[in-house]
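Right, one structure below, let's go through it.
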Amino acid sequence: MSEFDEITSIWLSGFTALAQVIGIALSIFLVERVGRRALVLTSLFMVTLSLFGLGTSFFLARISSLPVSSSHGLCRSQPAIVWSGITSYCYDCTRIESCGFCSGACVEGNKYGPLDPAMCPPSGEEASSEPDWVFDTCQNKYGWMSVFFMVLYLLSFGIGMGGLPWTINSEIYPLQHRSLAVSFSTATNWMGNLIVSATFLTISSEAVLTTYGAFWLYGAISLLGLFWMYCSLPETKGLSLEEIEDLFRRPRDDPTDSLGHNTEQKNLMAQLAAHT
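Below, the structure is given as structure tokens:
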């Protein structure tokens, strides 16, 4: 979709992976200097911006591609939910299986050319010139935009959302429930990964949300998560586990742990342990 050749795409995949490594390195350097909350909120804000940017790049790629003046047979339209499904741009045409674009027409064909050459006249001035046949992807002047927001997404994800959820998860739960709570949160994380991986190709298809619609959906979910984190996530930098536990304690909660120690006793034991 970004119209890069195979070699360029391989190099770009290396740079995108490097962006996340750099982000994680920055997270390690900044976590005890800036704090967990600031890094998570900054990371989630930039992730949200990147997802909306990715969606916008694909939307611009569609509406900036060459318009379709005529279409034939199965290339006229495709099933759609959030848009008309009518083939209006070269982008729409190449998203239909067995359809290609040439000289303003969307016609049936394969990677070698149209099935009926008469439906795709030459676009040059000379009669012997070959038609400009596009089958897989249309010219996209916004390909750089997709790459930019993908790199920004991975860099932003690495700075906060990549590693800090695991750090915060190991701190916020009471000792007597920590192992079970971390197990549940880990399982929830991987279930979420499974759901996204299993549904992305479906929801990003032209029949459901389209590619840009899928990324806008992810951006909206990230935005909701940002608001929730802003209201719910306290700063835990420099606090002991006992102090962090107190941040989440409600007035009706039992102040003693499974061994019968109250908050003051646990803080005293933590201080004694720090001086031995």
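The numbering used here puts the last residue of the sequence shown at 284; the count rises by one with no breaks.
The beta-carbon is built from N, C-alpha and C at its ideal position, and this holds for glycine as well.
Source: prediction; values computed, not measured.
{"query": "Tell me which residue opens and which closes the beta strand (DSSP E) that Phe-109 is part of.", "result": "107-110"}
{"query": "If you drop the 5 nearest sequence neighbours on each side, which residues of the same chain put their C-beta closer than 6 Å to that of Pro-242?", "result": "Leu-255"}
{"query": "CB of Tyr-181 to nearest heavy atom of the ligand GTP: below 7 Å?", "result": "Among the components of this structure there are no ligands whatsoever, and the ligand GTP is therefore not found."}
{"query": "Taking just the CA atoms, how far does Phe-109 sit from Val-142?", "result": "5 Å"}
{"query": "Can you tell me whether Leu-26 is buried or exposed, with buried defined as 16 or more other CB within 10 angstroms of its CB?", "result": "exposed"}
{"query": "Kindly list the residues whose CB is nearer than 7 Å to the CB of Ser-164, restricted to its own chain and excluding five residues on each side of it in sequence; keep chain order.", "result": "Gly-31, Ser-51, Met-54, Val-55, Ser-58"}
{"query": "CB Ile-180 to CB Ile-252, shorter than 8 Å?", "result": "yes"}
{"query": "Given a cut-off of 8 Å on the beta-carbon distance, is the pair Ser-78 and Ala-113 in contact?", "result": "yes"}
{"query": "In chain order, what residues of the same chain have a beta carbon less than 6 Å from the beta carbon of Glu-134, not counting five sequence neighbours either side?", "result": "The predicted position of Glu-134 is uncertain, since its pLDDT is 46 and thus under 50; a value taken from the coordinates is nonetheless stated next. Cβ within range, chain order: n/a, list empty."}
{"query": "Which residue comes first and which comes last in the beta strand (DSSP E) that contains Cys-239?", "result": "Looking at the DSSP string, Cys-239 is not in any beta strand (DSSP E); the run it does join, the alpha helix (DSSP H), is 218-240."}
{"query": "Would you mind sorting Ile-104 into buried or exposed? The rule is 16 or more other CB atoms within 10 Å of its CB.", "result": "buried"}
{"query": "Taking only three categories from DSSP, how would you classify Pro-75?", "result": "strand"}
{"query": "Asn-3 lies in the alpha helix (DSSP H); which residues open and close that run?", "result": "Here the chain has residues from 9 to 284 only, and residue 3 is not among them."}
{"query": "Looking at the unbroken beta strand (DSSP E) that takes in Val-115, where does it start and where does it end?", "result": "113-118"}
{"query": "Whole angstroms is fine: what's the gap from Ile-94's alpha carbon to Ala-46's?", "result": "46 Å"}
{"query": "Cα separation between Thr-24 and Gly-61?", "result": "16 Å"}
{"query": "Give the straight-line distance between the Cα atoms of Met-169 and Ser-193, rounded to the nearest whole angstrom.", "result": "14 Å"}
{"query": "Please state whether the Cβ-Cβ distance between Ser-92 and Pro-75 is less than 8 Å.", "result": "no"}
{"query": "Between the beta-carbon of Gln-28 and the beta-carbon of Leu-225, is there less than 8 Å?", "result": "no"}
{"query": "What's the gap between the Cα of Phe-223 and the Cα of Gly-43?", "result": "29 Å"}
{"query": "Spatial neighbours of Gly-171 within its chain, please: CB distance less than 7 Å, with the 5 preceding and 5 following residues excluded, ordered by chain position.", "result": "Ile-32, Ser-35"}
{"query": "If you follow the alpha helix (DSSP H) that Gly-200 is part of, which residue opens it and which one closes it?", "result": "186-211"}
{"query": "My understanding is that Leu-68 touches Val-155, with C-beta atoms under 8 Å, so please give their C-beta distance in whole angstroms.", "result": "With a Cβ gap of about 14 Å, Leu-68 and Val-155 do not count as contacting."}
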